[in-house]
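Scroll down for the structure; my scribbles are underneath it.
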Ligand SMILES: Nc1ncnc2c1ncn2[C@@H]1O[C@H](COP(=O)(O)OP(=O)(O)OP(=O)(O)O)[C@@H](O)[C@H]1O
Ligand code: SF4
Ligand SMILES: [Mg+2]
């Protein structure tokens, strides 16, 4: 018998999301695609956390939205608990929404300003547990609010009466209401004050141990995902350029982009901090609407060589790591 | 220490009672607070409220009967001496009400009339109450009389009922159609949206006044009338509501659709989809409540337009049918009575004032609401 945890909870293979666009004059229109996500693969087991890091606009949110079928993926496969879900209609997707939830980037925009907290958190209950009566729902909402560290008495308050951190907790309670196994956390703390960020991250960690949740934790900051993640994937221009177990990635980064990102992370030890070498990336910030024949990072890569511009490097296992550490660079072994 | 151990369920049940005490300030309540600071809007609101109450309880006031023809008082000027007279004819000194007289003078059907409905019963009750309070007293012709000697003041009150109901009902009809249509079109987007909005464009390009005139002429045909009356539709005004409502929804649909297009990009809509809300839920429970401010403001602008349109049709003789009255009908009669020989100013001025002041008040209220509900003034 296979143990449930052996099969991945979520498996994403070669996911692509291309947004068509039209620009130029009316008479000489230029058609093209924004390759927001361009071949992302990863898998995740129950209770695990995958960190996804990358600079703004590299397609992290789009990846999450495509996996959750909030936007139709252009290409690729997504399997949740072994069932293919890519491109399902809203109706067909409904049962899977109980397994997979999302916490949003902006705690101010992700709560309906006209609904009370009780209605916001109670809405998923209304949809997934139609048999529940009003009172039962209210009690359940209060339990959830308690769980995320909010005063359950504030059931009838409106989102604008809460601070950013509290609102993010409301968003977490809403995601938990359906009893999911997997939650996409899309930069859940980047809009918050630094002091509050730690509280929310701690809450997410507590909930993970308590409820055996799996997370896909999205951030643009490597230091944040380090201690919460089992695996970390680094995204660049719609692709994962390096993926490895968290410690391994920090100890032994192989992709030049990862190295550059890591060099920007401040170190606690002042001695090392002073001597720390920063790799400053030069060159144009690439745009996802261009097609790069070679390595998309070539224009900014400090180690670029001629062959880099000819064909794109594939995400390949680093020798001696049993393929758990993968990087998309011709010279990752060096 | 604590009393008996409480289960989680008991604990929350207890907290629930406390939670009912904590009421959040909804955005609506917030807006109301801001509106209260706007003097002009509050005066307008109070005025509209008074007019509404006045119109709703018209039979209660000691006014003359609106359909009482008295040839001796044709074109009688406003008169205040004496202010009240004890001259009602439909009630005798003992307080008994003559149903037939009431039916003729007020147009309120008697209880034994098979067509008598709940509204007639309501009016009869009010009249009875009036009889009990005021006896045979009634106001003199403070606003003068028309060419048939009917009291203008009474007719203004009875006309208010129709004018206001026309505005309100037609406004609401346009609101329901426009909001549903616009929000659906905007939320679905893409080809469906294009098709739905092209349809609106087509309707826009039809000159509606002709359609209305045609429709009303057709509906005036005795055969059609007989057919309609078998459906329980008695007068032209009912049809008018729907016709006008069906015209004025176009702009509402456009306005709402434009707002939905931008609103649906908001993250909370995506969040709603994530927790499994279907389209209908998102449109009517997430999007429309956030458009309430625009909808309300737009409604306060649609109502005056509908009332004016009714007045305009009455000018053409296509509006309310005699012996019913509306402000538009009264204004029309007033202007027609102006001749080179005598100018009965009261027949023009008072209906005009009633109509104008109501339209003004609605506009002031609309302006005030827009300021009070403007979400940009406050972070959401
Ligand atoms: N609906 C859309 N239509 C067209 N382009 C889009 C759309 N959504 C996203 N994009 C583009 O896709 C790219 C990736 O966007 P995405 O929101 O996934 O970035 P991100 O990694 O989440 O960035 P951030 O850290 O700022 O949230 C961006 O260039 C963005 O402009
Ligand atoms: S393949 Fe070449 S350009 Fe791309 S990251 Fe590696 S060294 Fe840099
Ligand atoms: Mg994002």
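Protein chains in written order, with the numbering used here: chain V, 4 to 337; chain G, 2 to 381. Glycine included, C-beta positions come from ideal geometry on N, C-alpha and C. Note that the structure is a prediction, hence the values are computed from the model and not measured.
DSSP places residue 79(V) in the strand class (E or B) of the three-state scheme. Under the 9 angstroms criterion on CB atoms, residue 269(G) is classed as interfacial with respect to chain V. In the three-state reduction of the DSSP assignment, residue 97(G) falls in the coil class, being assigned neither a helical nor a strand state. The alpha carbon of residue 31(G) has as its nearest neighbour, out of 37(V), 164(V), 327(V) and 39(V), the alpha carbon of 164(V). Note that the C-beta distance between residue 44(V) and residue 189(V) is not below 9 angstroms. Counting of Cβ neighbours within 10 angstroms places residue 19(V) among the buried residues, the total reaching 16 or more. Here residue 305(G) has 168, 359, 360, 363 and 364 as same chain residues with Cβ atoms under 8 angstroms from its own Cβ, once five neighbours each way along the sequence are excluded. Residue-level contact by beta carbon holds for residue 14(G) and chain V, with a gap shorter than 9 angstroms. Taking 3 residues as the minimum length, the beta strand (DSSP E) runs contained wholly in the region 50-78 of chain V are 52-56, in order along the chain.
For residue 157(V), the neighbours in chain G by C-beta distance under 8 angstroms run, in chain order, 20, 23 and 25. With respect to the 9 angstroms criterion, residue 240(V) and residue 219(V) are not classified as neighbours on the basis of their beta carbons.
Note on geometry: alpha-carbon atoms of residue 335(G) and residue 314(G) lie some 15 angstroms from one another. Residue 131(G) and residue 64(G) have their C-alpha atoms roughly 10 angstroms apart.
Residue 244(V) has its Cβ nearer than 8 angstroms to a heavy atom of ligand 2.
Listed in chain order, the positions of the region 279-290 of chain G with a beta carbon within less than 9 angstroms of a beta carbon of chain V are 279, 280, 282, 286, 287 and 290. Note that the region 285-300 of chain G touches the region 246-262 of chain G; at least 3 beta-carbon pairs, one per stretch, sit closer than 8 angstroms. Not one heavy atom of ligand 2 is found less than 8 angstroms from the C-beta of residue 294(V).
Our two residues, residue 165(G) and residue 60(G), have alpha carbons roughly 16 angstroms apart in a direct line. Note that the C-beta distance between residue 186(G) and residue 303(G) is not below 9 angstroms.
Between residue 175(V) and residue 203(V), the C-beta spacing is below 9 angstroms. Distances from the CA of residue 239(G) to each of 217(G), 252(G) and 268(G) were compared; the closest alpha carbon is that of 217(G). If you check the CB distance, residue 79(V) and residue 95(V) do not come in under 9 angstroms.
With a minimum length of 4 residues, the unbroken runs of alpha helix (DSSP H) contained wholly in the region 282-369 of chain G fall at 289-316 and 328-338. The three-state reading of DSSP puts residue 298(V) in coil, since its state is none of H, G, I, E or B. Cβ contact annotation for residue 232(V) (same chain, cutoff 7 angstroms, sequence separation greater than five): 52, 53, 54, 220 and 249, in chain order.
Counting C-beta pairs with one atom in each stretch, the region 143-162 of chain G and the region 85-100 of chain G have fewer than three that are closer than 8 angstroms, which means they do not touch.
Residue-level contact check: residue 274(G) touches chain V, since one or more beta carbons of chain V fall below 9 angstroms from its beta carbon.
Under DSSP, the beta-bridge partners assigned to residue 34(V) are 25(V). Nearest CB-CB separation between residue 300(G) and chain V: not below the 9 angstroms threshold. Every beta strand (DSSP E) stretch that sits fully inside the region 42-97 of chain G and reaches 3 residues is listed by chain position as 85-87. Secondary structure at residue 15(V): strand, using DSSP grouped into helix, strand and coil.
Taken in chain order, the whole alpha helix (DSSP H) runs of length 4 or more contained in the region 162-245 of chain V are 167-179, 197-214 and 225-229. About 6 angstroms separates the beta carbon of residue 152(V) from that of residue 206(V), a gap short enough to meet the 8 angstroms contact definition. Considering only 77(V), 73(V), 61(V) and 16(V), the residue with the shortest C-alpha distance to residue 22(V) is 77(V).
By the Cβ test, the region 287-296 of chain V is not in contact with the region 258-268 of chain V, since fewer than three Cβ pairs between them sit closer than 8 angstroms. For residue 119(V), the residues of chain G that pass the 7 angstroms Cβ criterion are 25, in the order they occur in the chain.
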